[in-house]
Amino acid sequence: MPVEEPIIEARRVEKFYGERGGTRIQVVAPTDLAIRSGEIVALLGPSGSGKSTLLRILTGLAKPSSGEVLWHGQPLEGPCVNVAIVFQSFALFPWLTVLDNVQAPLQARGVPLAERMKRSLRILDAVGLDGFEGAFPKELSGGMKQRVGFARALVVEPEVLFMDEPFSALDVLTAENLRKELLELWEDRKMPTRAVFIVTHNIEEAVTLADRVIVLGKNPGRIRADFKVVVPRPREHNDSRFLHTVDYIYRVLTQPDLTPAPTPGVPAAAPAGAPAGRPPYPMLPHARPGGIAGILELLVDRGGRENLHHLADDLAFELDDLLPIVEAASMLGFIVVTEGDAEITTEGREFAEADILQRKELFRGAAQNVALIRQITRSLEAKADHSLQEEFFYDLLEEHFSDDEIKRQLETAINWGRYAELFDYNSTTERFYIPKDTPEAALPQNVAGH
Amino acid sequence: MFALSRSVIRERSWSLLVDTLVFSVIAATIYALLNVARSWFGAATPQAQISQSPAALPAYAFYSLVRIGAAYLLSLVFAIAYGYVAAYYSRLETVMIAVLDILQSIPVLSFLPGVMLAMVSLFPSRQLGVELGSIILIFTGQVWNMAFSFYSSLKAIPRELHEAAAIYRFNAWQRFIELELPFGVIGLVWNSIVSVAGGWFFLMACEMFVLGKNDFRLPGLGSYLQTAAGAGDTRAILWGLGAMITVIVLLDQLVWRPAIAWSERFKFEQVEQATEVYSPILHLFRQSRAFIWLRTRAFTPAWERLTSSLAQRQRPAAPSRAARPSKAFPIAAGLVLLLALYALIRAAVVLSGLTRPELTSTIVAAGATFLRVTLSLAIAALWTIPAGVAIGFHPKLARMAQPLAQIAASVPATALFPVVLLVLVRIGGGLGVASVLLMLLGTQWYVLFNVIAGATSIPTELREASSVFRFSARQEWTTLILPGIFPYLITGLITASGGAWNASIVAEYFHFQGKTLTTTGLGAQISSASESANFDLLLLSTIVMAVLVVCVNRLVWRRLYHLGETRFRLET
Numbered sequence: 428m429p430v431e432e433p434i435i436e437a438r439r440v441e442k443f444y445g446e447r448g449g450t451r452i453q454v455v456a457p458t459d460l461a462i463r464s465g466e467i468v469a470l471l472g473p474s475g476s477g478k479s480t481l482l483r484i485l486t487g488l489a490k491p492s493s494g495e496v497l498w499h500g501q502p503l504e505g506p507c508v509n510v511a512i513v514f515q516s517f518a519l520f521p522w523l524t525v526l527d528n529v530q531a532p533l534q535a536r537g538v539p540l541a542e543r544m545k546r547s548l549r550i551l552d553a554v555g556l557d558g559f560e561g562a563f564p565k566e567l568s569g570g571m572k573q574r575v576g577f578a579r580a581l582v583v584e585p586e587v588l589f590m591d592e593p594f595s596a597l598d599v600l601t602a603e604n605l606r607k608e609l610l611e612l613w614e615d616r617k618m619p620t621r622a623v624f625i626v627t628h629n630i631e632e633a634v635t636l637a638d639r640v641i642v643l644g645k646n647p648g649r650i651r652a653d654f655k656v657v658v659p660r661p662r663e664h665n666d667s668r669f670l671h672t673v674d675y676i677y678r679v680l681t682q683p684d685l686t687p688a689p690t691p692g693v694p695a696a697a698p699a700g701a702p703a704g705r706p707p708y709p710m711l712p713h714a715r716p717g718g719i720a721g722i723l724e725l726l727v728d729r730g731g732r733e734n735l736h737h738l739a740d741d742l743a744f745e746l747d748d749l750l751p752i753v754e755a756a757s758m759l760g761f762i763v764v765t766e767g768d769a770e771i772t773t774e775g776r777e778f779a780e781a782d783i784l785q786r787k788e789l790f791r792g793a794a795q796n797v798a799l800i801r802q803i804t805r806s807l808e809a810k811a812d813h814s815l816q817e818e819f820f821y822d823l824l825e826e827h828f829s830d831d832e833i834k835r836q837l838e839t840a841i842n843w844g845r846y847a848e849l850f851d852y853n854s855t856t857e858r859f860y861i862p863k864d865t866p867e868a869a870l871p872q873n874v875a876g877h
Numbered sequence: 020m021f022a023l024s025r026s027v028i029r030e031r032s033w034s035l036l037v038d039t040l041v042f043s044v045i046a047a048t049i050y051a052l053l054n055v056a057r058s059w060f061g062a063a064t065p066q067a068q069i070s071q072s073p074a075a076l077p078a079y080a081f082y083s084l085v086r087i088g089a090a091y092l093l094s095l096v097f098a099i100a101y102g103y104v105a106a107y108y109s110r111l112e113t114v115m116i117a118v119l120d121i122l123q124s125i126p127v128l129s130f131l132p133g134v135m136l137a138m139v140s141l142f143p144s145r146q147l148g149v150e151l152g153s154i155i156l157i158f159t160g161q162v163w164n165m166a167f168s169f170y171s172s173l174k175a176i177p178r179e180l181h182e183a184a185a186i187y188r189f190n191a192w193q194r195f196i197e198l199e200l201p202f203g204v205i206g207l208v209w210n211s212i213v214s215v216a217g218g219w220f221f222l223m224a225c226e227m228f229v230l231g232k233n234d235f236r237l238p239g240l241g242s243y244l245q246t247a248a249g250a251g252d253t254r255a256i257l258w259g260l261g262a263m264i265t266v267i268v269l270l271d272q273l274v275w276r277p278a279i280a281w282s283e284r285f286k287f288e289q290v291e292q293a294t295e296v297y298s299p300i301l302h303l304f305r306q307s308r309a310f311i312w313l314r315t316r317a318f319t320p321a322w323e324r325l326t327s328s329l330a331q332r333q334r335p336a337a338p339s340r341a342a343r344p345s346k347a348f349p350i351a352a353g354l355v356l357l358l359a360l361y362a363l364i365r366a367a368v369v370l371s372g373l374t375r376p377e378l379t380s381t382i383v384a385a386g387a388t389f390l391r392v393t394l395s396l397a398i399a400a401l402w403t404i405p406a407g408v409a410i411g412f413h414p415k416l417a418r419m420a421q422p423l424a425q426i427a428a429s430v431p432a433t434a435l436f437p438v439v440l441l442v443l444v445r446i447g448g449g450l451g452v453a454s455v456l457l458m459l460l461g462t463q464w465y466v467l468f469n470v471i472a473g474a475t476s477i478p479t480e481l482r483e484a485s486s487v488f489r490f491s492a493r494q495e496w497t498t499l500i501l502p503g504i505f506p507y508l509i510t511g512l513i514t515a516s517g518g519a520w521n522a523s524i525v526a527e528y529f530h531f532q533g534k535t536l537t538t539t540g541l542g543a544q545i546s547s548a549s550e551s552a553n554f555d556l557l558l559l560s561t562i563v564m565a566v567l568v569v570c571v572n573r574l575v576w577r578r579l580y581h582l583g584e585t586r587f588r589l590e591t
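So this is what it looks like as structure tokens:
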């Protein structure tokens with residue numbers, strides 16, 4: 428196979444914020460990535476892995492903090508190359524009809540009216556929107572709206588079609604149907620594009636669609652694996668090679684510290700190693716105690732050990748639903764993840780079988796092993812009045828996370844702290860505090876004193 | 020089948036009627052506008068004789084309408100430009116929004132001397148100067164909230180829509196027409212209604228005023244009403260009031276209703292909603308053959324040519340322009356700063372010449388107006404909360420009360436003021452009481468409509484819960500109703516407070532039955548300073564009022580608003 432020149436090539440692109448006092452928040456670690464003609468590439472990763480950021484850098488919508496993006500070997504400046512994006516939220520103009528929405532990009536390019544109409548109608552026909560030309564987006568179902576999104580993207584005959592989680596706002600059946608139609612258009616060469624680049628957090632979607640899968644890790648975002656999918660098409664979900672690939676991706680994603688060694692396909696590029704520098708602050712996965720308990724109970728039912736892929740399947744969970752819970756449970760020592768399987772520990776079993784009050788007790792014990800929870804509890808205990816302004820913890824996390832992520836980290840911490848009855852938070856005064864145990868002490872102090 | 024064919028016939032016959040109507044309205048408008056133009060470009064007659072005959076009213080109404088219309092168009096252009104710059108130039112954003120905040124708190128009359136002197140010296144021999152001055156005065160009363168509305172609409176455009184526009188290479192014009200303007204339309208329409216209502220409110224002050232030795236009177240409804248009030252001519256007052264209400268109701272039916280119904284299509288919603296605003300006028304217009312002809316033959320081709328020429332011109336120039344504005348910016352900013360510094364020094368010099376009694380009287384006046392504004396807000400809250408909640412909770416009552424309230428709200432309180440004074444003078448209340456009443460008349464509606472909206476937004480399930488658990492009336496009010504309407508109440512009170520401060524200039528100082536009624540207050544001080552051309556005092560009282568309003572906003576209202584948005588938000 429001759430090595431073709433890539434259409435798009437990213438060289439050591441990275442994204443970071445701030446550099447206040449020498450610290451910077453790395454969103455995407457230096458990354459190399461190339462898109463070649465004739466392939467569907469899926470970029471797969473949990474939330475916070477910088478998938479969308481990478482997509483925006485590749486299209487020219489966003490600038491990388493350093494590194495460069497090449498289009499046919501030429502440096503990219505702004506979104507002026509021939510690409511199109513299908514958005515997660517559809518991003519249709521609600522005040523334009525279906526036809527006008529599809530025409531608008533052609534109008535922007537100065538295509539005359541008659542030609543515009545011809546091309547738009549042809550593409551609307553191809554995506555099955557015949558008869559809907561005069562409808563407004565709000566009159567359409569989600570699936571139909573996304574068809575308009577596809578039509579608008581294809582009408583400009585983009586060299587590369589970018590898709591940012593195009594099916595995640597749709598229900599399962601509609602998404603499945605649209606995916607199939609997309610593949611048909613691609614395989615029958617009805618799509619005037621040379622490559623497709625799809626960002627997703629749905630593992631099965633990636634394995635179903637893509638010729639090549641790139642798996643991203645998070646904190647900061649970086650490529651963990653990049654391999655060709657060798658499952659023959661049409662791909663069946665119960666094909667053993669399909670399942671094997673899905674399992675492999677689960678294994679990569681649930682073992683953040685390991686460099687994945689054996690790949691099920693042909694390695695396309697060497698995965699970039701973890702970035703140098705200080706080790707990342709252990710991040711709290713955004714899971715609720717109720718969700719953790721639910722997974723543990725399910726594991727007990729399954730005899731204590733279960734394949735993650737099956738768990739996700741049974742619960743109809745996507746990656747971003749399941750991964751945080753699994754991470755949280757393993758952080759608390761309730762499960763151990765090996766080879767894409769989750770296995771319940773003795774503590775986990777005890778927790779699953781306990782009543783509500785015992786559960787809180789067990790959770791309290793386990794949460795002491797979690798860095799942020801431990802840090803908050805100790806800081807509060809060290810203070811005479813057992814209370815601290817939220818800002819204190821904000822400053823603490825500032826050099827590790829972006830502002831939004833700090834907010835989420837603290838939200839999860841509060842949630843866990845409350846469940847464990849370790850500490851509480853007053854949203855009016857914005858203070859963390861350790862509640863007093865006895866009811867008398869909870870009274871205002873000057874009243875209790877007299 | 021029967022119903023269908025009947026409806027077709029009806030529409031046809033209607034559309035012919037509409038066409039004739041449209042043509043005659045256009046012809047009449049052109050004739051009237053020519054008349055207006057003749058008077059504007061004629062010799063300056065700053066003191067028109069204001070006739071008190073009802074026969075003069077149609078012409079006067081038209082003159083006023085043209086003034087308000089011109090001021091409104093000016094406001095619209097300015098608001099869009101200002102909002103655009105503020106939203107997209109992040110370096111200017113904070114400054115521009117702060118400026119907007121301050122300008123909003125400056126009453127119309129404070130702009131009067133500057134605007135009038137500038138305009139009259141620009142066109143010394145033409146009526147145009149005086150007319151433009153009046154138009155700009157009206158403009159200063161209606162532009163700020165529109166600018167703010169467009170700015171916040173632009174800031175609220177979802178990121179993905181911006182990205183879609185960028186990736187599909189919309190040029191600036193296409194982005195404006197297909198993304199930014201549609202996104203701002205609903206906010207602009209609603210704020211236009213409020214703004215134009217504000218224009219009617221201050222019309223009397225903007226059409227007839229004294230500036231030092233000069234007495235300005237422009238032919239119009241406002242000056243008609245003010246002359247009638249000055250002479251104590253009850254019959255003329257009632258005629259003028261009737262004419263004004265007629266114009267306002269017509270405007271509502273012919274312009275604002277259709278505008279609201281039309282703007283519905285720009286609602287940014289993903290799913291269709293059941294309730295829709297219907298305007299028969301808009302419906303008729305859409306059926307009009309003349310209108311359809313204009314659209315398909317003239318408008319669409321012209322539009323097509325415009326966008327395609329822009330699209331072609333746009334393409335090559337894209338990359339090279341990145342570095343240029345960074346050089347011009349510091350120079351411009353420096354110039355603005357220098358000008359501001361100069362103005363500041365001049366102001367300081369002017370203010371240092373003020374006498375001690377003037378300073379103390381300003382403080383006393385500020386306190387008096389502050390009390391009046393607070394009192395009017397308290398009274399407004401006191402009656403609108405129970406009334407608004409009752410209306411909001413009972414759909415039947417709402418159907419009856421809402422249109423009535425809307426009509427009542429659309430009558431400018433200043434036009435009612437002479438009537439109110441007539442009554443009050445008879446029963447022996449002074450201007451001190453009357454001015455609170457005028458502020459109340461002008462601003463209570465903001466509170467009422469917001470409380471109604473708040474009450475309707477309280478979920479029925481919460482009300483059912485409170486009745487299932489047998490809450491006492493008191494408990495229901497404190498745990499459900501008051502917290503539920505809190506954010507809305509605050510929004511209403513903020514608007515009302517701003518309106519009340521601005522209204523003080525007409526409320527505390529009034530020419531009536533040949534005398535000048537006045538009471539202690541900042542508004543009265545501004546009015547009399549402007550009338551006697553005492554610019555030092557005018558500057559001082561304006562600054563004091565702006566500072567007071569901005570401080571109260573920052574220290575009280577913004578905090579309450581934040582509290583309402585965080586703790587008392589009903590989330591589902």
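Chains as they are written, first to last, in my numbering: chain G, 428 to 877; chain E, 20 to 591. Even for Gly, the Cβ is constructed at its ideal location relative to N, Cα and C.
Query, Result
"Residue 543 of chain G versus residue 488 of chain G - alpha carbon distance", "25 Å"
"As assigned by DSSP and simplified to three states, the class of residue 617 of chain G", "coil"
"Beta carbon of residue 222 of chain E nearer than 8 Å to that of residue 240 of chain E", "yes"
"Contacts of residue 189 of chain E in chain G (Cβ-Cβ under 9 Å)", "531, 532, 534, 535"
"Within chain G, partners of residue 186 of chain E - CB distance below 7 Å", "486, 488, 506, 510, 511, 512"
"Cβ of residue 66 of chain E within 8 Å of any chain G Cβ", "no"
"CA-to-CA distance, residue 583 of chain G to residue 548 of chain G, given in whole angstroms", "13 Å"
"Distance, residue 574 of chain G Cα to residue 562 of chain G Cα", "13 Å"
"Whether residue 388 of chain E touches residue 217 of chain E by CB criterion (8 Å)", "no"
"Any C-beta of chain E under 8 Å from that of residue 524 of chain G", "no"
"Integer Cβ distance of residue 713 of chain G from residue 839 of chain G, believed to fall under 8 Å", "5 Å"
"Residue burial classification, residue 783 of chain G (beta-carbon count within 10 angstroms, cutoff 16)", "exposed"
"DSSP-derived helix/strand/coil call for residue 577 of chain G", "helix"
"Listed by chain order, chain G residues near residue 389 of chain E by CB distance under 7 Å", "Result: empty, since nearest Cβ-Cβ is about 29 Å, beyond 7 Å."
"Three-state secondary structure assigned by DSSP to residue 502 of chain E", "helix"
"Sub-8 Å separation of residue 55 of chain E and residue 82 of chain E beta-carbons", "yes"
"Which of helix, strand or coil DSSP assigns to residue 590 of chain G", "strand"
"Exposure of residue 505 of chain E, with buried meaning 16 or more beta-carbon neighbours within 10 Å", "buried"
"Rounded C-alpha distance that separates residue 381 of chain E from residue 515 of chain G", "59 Å"
"Rounded Cβ spacing between residue 465 of chain E and residue 518 of chain E (contact assumed at less than 8 Å)", "7 Å"
"Backbone secondary structure at residue 624 of chain G - three-state DSSP", "strand"
"In DSSP terms, what residue 444 of chain G is bridged to", "G:452"
"Chain-ordered neighbours of residue 505 of chain E on chain G, where CB pairs are closer than 8 Å", "Ordered by position in chain G, no residue passes the 8 Å Cβ test against residue 505 of chain E, which lies about 14 Å from the chain."
"Cβ of residue 375 of chain E within 8 Å of any chain G Cβ", "no"
"Buried/exposed call for residue 674 of chain G, threshold 16 Cβ in 10 Å", "buried"
"Given 8 Å, three or more beta-carbon pairs between the segment 739-757 of chain G and the segment 624-644 of chain G", "yes"
"Residues of its chain near residue 197 of chain E, where Cβ-Cβ distance is below 8 Å and the 5 sequence neighbours each way are ignored", "184, 189"
"Cα-Cα separation between residue 578 of chain G and residue 46 of chain E, rounded to whole angstroms", "47 Å"
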